[in-house]
Amino acid sequence: DLSMTYDRDSDGVVTKSDVLIYGKKEATPFTWTYDADGFLTDISSPTRSFRSFSYEEGNLVRFMNTSFEYSDPALVGHPSAPDVVWGYMSLMEKNDPFIYFPYLLGWYEKTSALLPSAIVVPSPSGTGKVTHPLAYTFDDDGYVTSMSWDSYSVRFIY
């Protein structure tokens, strides 16, 4: 069982969520914190930071143990499209849907300015990191329709 409620500000941006997960008796409240530029930087419960996010030059560069590189300034996301980084993170957060539901509904204040050119993750061997270059396809209006790396692909349907 999963129950989620969200508090949003006057612009519709999530500021708080209450989540009742896996048969617990009480919901856990989470506070959603944004930096001065409007980017989501932290989701925390009363006892700890649950997820932290880091940005550089308007782009999400770190989420948990995953980093995103932005080495191609020509990879600009469509201004009306959801952030592809959040689409990727939705896959990684499949066990915590209260984080990605607001993304799917457009309830985050800001998205990354560029499309990442690579994902950097810890090596499966436990030592070092592995960089996965990203490839994109676009529709005629400039919306990303897929993002792929290695044998994986994320499709975006608008």
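So the sequence shown is numbered by our numbering: it starts at 1101 and just counts up by one.
Note that the Cβ used here is the ideal one computed from N, Cα and C, for glycine as well.
Q) Between which two residues does the beta strand (DSSP E) carrying Phe1153 extend? A) 1149-1156
**Q.** Residues that DSSP places opposite Phe1168 in a beta bridge
**A.** Ile1219
Q. Taking Cβ positions, are Thr1141 and Phe1153 nearer each other than 7 Å?
A. The answer is yes: Cβ separation under 7 Å.
Q | Contacting residues, own chain, Cβ-Cβ under 6 Å from Ala1235 (five flanking each side not counted) | A | Ser1248
Q | Alpha-carbon to alpha-carbon, Ser1145 and Arg1151 | A | Roughly 10 Å between the two C-alpha positions.
Q: Let me know the secondary structure DSSP gives Pro1202 once reduced to three states.
A: Three-state result, Pro1202: helix.
**Q.** For Gly1177 and Leu1213, the rounded distance between their alpha carbons
**A.** What sits at residue 1213 in the sequence shown is Ala, not Leu. Rounded to whole angstroms, Ala1213 to Gly1177 spans 7 Å at the Cα level.
(Q) Going by DSSP, what residue range makes up the beta strand (DSSP E) through Lys1210? (A) Lys1210 -> no beta strand (DSSP E), and no H or E assigned at all.
Q. Are Thr1105 and Asp1118 touching if we call contact CB-CB under 7 Å?
A. yes
Q | Three-state class that DSSP yields for Val1184 in the structure shown | A | helix
Q. The beta strand (DSSP E) with Lys1229 in it runs from where to where?
A. 1229-1233
Q: Please classify Leu1102: is it buried, with 16 or more other beta-carbons within 10 angstroms of its beta-carbon, or exposed?
A: exposed
Q. Which class does Val1113 belong to by DSSP, given the choice of helix, strand or coil?
A. coil
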